[in-house]
Amino acid sequence: MGIAVFNIEKSYEATPALRDVSMEIEDGAFVTLLGATGAGKTTLLRIMCGIDRPDKGRVHYDGADVTRVPVRKRNVAMVYQEFVNYPSMTIYENIASPLRVSKNRHTKAGIDQKVRHNAGLLGLTGVLDHYPEEVSGGQKQRTAIARALVKDTRFVFLDEPLANLDYKLREELRGELKTLLTHKGGAVVYATPEPVDALSMSTHVAYLQEGRVLQYGALQDVYRNPASVEVGAYFSYPTMNIMEADVTTEQDRIFLRISEEIAIDVTRFRDRLAHGQYLVGIRAYNLYTAQKMENLISFTATVELAEELGSDTELHVRHQGQVFVVLMQEVARFPIGTQITVYLDPGRLFLFDRETRQLAFKTFS
Amino acid sequence: MARIELESISHSYDSLSKPEDEREYAVSGLDISWADGSANALLGPSGCGKTTILNIISGLLYPTAGRVRVNGNDVTGLAPRERKIAQVFQFPVVYDSMNVFDNLAFPLRNQKTPEKTVKTKVEETAEILGLADRLKSRTTGLNAADKQKISLGRSIVREDTAAVLLDEPLTVIDPKFKGELRRKLREVQNRLKKTMIYVTHDQHEALTFADNVTIVKDGRLIQKGSPEELHAQPATPFIGYFIGSPGMNLLDCSLDDGRLQFADFALPIGQDMQKKMASYGKDFKFGIRPEFLDVAAEEKNRAVEFTVAVIEDTGAYKVLTCDRRNSRIKARVSESISIREGDRVWLSFPEDKVNLFYNEQRII
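Here it is as structure tokens:
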């Protein structure tokens, strides 16, 4: 039971937007369609929910082919990036509107109960009598979300619903949406360019690039085992550092040489080292500015920028022509040009084949 | 180069014929000083009065009361161009009919600068901005980030520019260029050491750019300090919540028989803290940052039991939303801690990390 799409193709004029996309989404799953602008997320979402039709391929709901069923006959809910509300109706009437036009007859008391319940969940109780133009951007989007929830549909589709909200509201709504949406039982499909949205809310993630799904799976599987450099580099928060490395042998030991200063002993992976060259990935939070544990590899670098992320500092440093990003979980100030020592955890490396760009192995499980 | 000061600045958009006590003030009683050569930010939510302050500094707006000083000289009555304060706006201002060189040269040629000097200054500015290889390019083909660099370039190309005001300069920049421009702005300030004031509602941009952040809310200054100070010693509960990710946990409590009494639990506190609190009153707001909570999976002395309602895993760390009957607290823990939604946890509150607010002001 759930949503399935098979071999979806879609082009806009001559430009392909989706190429041979197939995915199955089980009930209870919260699937994030992750990717940069133009990757095909919105196109796929619109085809899944029935706003658009694919050029080729099928869409199934609970095993039944719905490819040609228009969206209004599908009993789905959709939340858009723009705050879509009826300006002439109060917040209460906006939330009630899907129930008033629904085929299932709702009693007045039944509608009232549902509207107030969902308004309560989204913190809108105090503004039910207001009109959309009288409430904040966050409240407008909460109203659109409440309207999607009140419908009791099996499937909910959301297209970057937090994109137009400020940072604090996004942070708050992320936690709330996870609870509100996953407790509904059906499937949720959520398109976003933000890795942190996927990480903090979803059960599954599909990474799209140039109209193709490069990887789809359970959230932690994809995060821990990115199939390629592309997936690893994008699906990281804040970022994955990618470095070129050559395998070198010195006496009996085998090293991954990243720079003159950085050589990582990988002798224990001797059996798995198949190629002379790798792309090595390490997430920003596996680099440190202090020797937090044993066996770290140190190198010197120059600070280019300290980005303050509220409670963290994302340090951009340069080492022999390469830029590394180090996530410090504290508020720290570094003047530009400061020389520092960076410590790298060799037990947290992803090794990608330099030719195929596919994950070869990791230095951890 | 200049020091900029606001002295008892208030501004009302109401007509001056309205009696003083009936006017609504957009900003009031502002005393702020920005040091010569400093990197500053003016941070606050929409509608807090940021734009009004900016316009008063630049001279687009004459304040209802108070003085504006540049290096100690009263400039309140001076027109914008006489103040030598440059401004970079949300939308890049670029002349499409001119190439990059002529755009950067414009303010200098306006001053009838000799062409030889123009060339030197423009090339120097372009080098700082990373536009040196595109001086002959038409501006129509450039992206918004590069156009914004030109806007900045025009404001710094004149040596007599006293200060630069940046008004939400990243608003229309494509997300993939924002990072680079953020870095460039910081780098330019650092290199030229011109006084700059960056106005934004985005804490991330403000804290990254500035060594000194001024927070304004409802037209009033509520705190001025370094990013570390705002994080560690927020002057009001609002700042505790607004700065930091996630924001500070804020809980109502009262001092009762040597303990802090919350909605459904109590915490014993030390003598010094009790004494200090008692001198203020009875009801307080208790603040602690999610990253400073101590989270244990087993019962522990002086720890309070909660149930984990939601886990948001960001990769680098996890944010736990922990519930009790009438209390909710967010805690930030390492990604390596294994914990599941529905688990019971015991939270303790290290006393040296606690902030207490009385009447919306930080006292501890």
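Same order as they appear, the protein sequences are chains A and B. Residue numbering for the first sequence follows numbering that gives the first Met the number 0, beginning at 0 and increasing consecutively. Residue numbering for the second sequence follows numbering that gives the first Met the number 0, beginning at 0 and increasing consecutively. C-beta: ideal position from N, C-alpha, C; glycine also. Just so you know, these numbers come straight off a predicted model, no measurement behind them.
| Asked | Found |
| --- | --- |
| Residues that residue 165 (chain A) contacts on chain B, provided the C-beta gap is smaller than 9 Å | 44, 45, 200 and 201 |
| Contact under 8 Å by Cβ, residue 292 (chain B) with residue 356 (chain B) | no |
| Distance between residue 248 (chain B) and residue 240 (chain B) (C-alpha atoms, nearest Å) | 7 Å |
| Proximity winner among B:266, B:262 and B:250, relative to residue 256 (chain B) (alpha-carbon distances) | B:266 |
| Cβ of residue 101 (chain A) within 8 Å of any chain B Cβ | no |
| contact_flag[the segment 326–342 of chain B, the segment 309–318 of chain B] where n(CB pairs < 8 Å) is 3 or more | yes |
| Contact list for residue 36 (chain B) against chain A, beta-carbon separation under 7 Å | Here the premise fails: no neighbours, minimum Cβ distance about 13 Å. |
| Three or more C-beta pairs below 8 Å linking the segment 213–231 of chain A and the segment 50–69 of chain A | no |
| Below-8 Å beta-carbon distance, residue 199 (chain A) vs any chain B residue | yes |
| Segment contact, 8 Å Cβ cut-off, at least three pairs: the segment 193–201 of chain B with the segment 136–152 of chain B | no |
| At least three beta-carbon pairs within less than 8 Å, the segment 66–73 of chain A to the segment 104–111 of chain A | no |
| Cβ-Cβ separation, residue 273 (chain B) to residue 166 (chain A) (assumed contact under 8 Å), whole Å | Not quite, the Cβ-Cβ distance comes to about 37 Å (not below 8 Å), so this is no contact. |
| Simplified DSSP state of residue 48 (chain A), which is helix, strand or coil | helix |
| Residue-level contact to chain B via CB, residue 178 (chain A), 8 Å cutoff | yes |
| Test item: CB-CB of residue 280 (chain A) and residue 245 (chain A) under 8 Å | no |
| Beta-carbon proximity check, residue 253 (chain A) vs residue 296 (chain A), cutoff 8 Å | no |
| Beta-carbon spacing of residue 181 (chain B), residue 310 (chain A) below 8 Å | no |
| Same chain, Cβ closer than 7 Å to residue 37 (chain B), five either side skipped, listed in chain order | 194, 210 and 211 |
| Own chain, CB closer than 6 Å to residue 349 (chain A), minus 5 neighbours either side, in chain order | 231, 280 and 361 |
| 7 Å Cβ shell around residue 114 (chain A) - same chain, five flanking residues per side excluded | 91, 94, 95 and 149 |
| Neighbour list for residue 226 (chain B) in chain A, Cβ cutoff strictly below 8 Å | 307, 330 and 332 |
| C-alpha distance - residue 85 (chain A) paired with residue 79 (chain A), whole-angstrom precision | 14 Å |
| Cut-off 8 Å between Cβ atoms - residues of its own chain near residue 375 (chain A), not counting five sequence neighbours on either side | Absent from the structure is residue 375 (chain A), since the part of chain A shown begins at 0 and ends at 364. |
| Check whether residue 35 (chain B) and residue 2 (chain B) have beta carbons under 8 Å apart | yes |
| For residue 255 (chain A), the first and last residue of its enclosing beta strand (DSSP E) | 252–256 |
| C-beta neighbour in chain A for residue 171 (chain B), strict 8 Å | no |
| Closest Cα partner of residue 163 (chain B) within the set B:150, B:170, B:174 and B:175 | B:150 |
| Minimum Cβ-Cβ distance from residue 236 (chain A) to chain B less than 8 Å | yes |
| Same chain, Cβ closer than 8 Å to residue 334 (chain A), neighbours up to 5 away in sequence not counted | 302 |
| Contacts of residue 365 (chain A) in chain B (Cβ-Cβ under 7 Å) | No answer is possible for residue 365 (chain A): the residues shown for chain A start at 0 and end at 364. |
| Those residues which DSSP pairs with residue 187 (chain A) across a bridge | A:29 and A:155 |
| Three-state secondary structure assigned by DSSP to residue 22 (chain A) | strand |
| Whole-Å CB distance - residue 254 (chain B) paired with residue 277 (chain B), under 8 Å assumed | 6 Å |
| Distance between beta carbons of residue 143 (chain A) and residue 83 (chain A), contact taken as under 8 Å | 6 Å |
| Residue of A:180, A:345, A:363 and A:197 minimising C-alpha distance to residue 290 (chain A) | A:345 |
| Cβ-Cβ separation, residue 85 (chain B) to residue 413 (chain B) (assumed contact under 8 Å), whole Å | Because chain B spans 0 through 363 in this model, residue 413 (chain B) falls outside it and cannot be assessed. |
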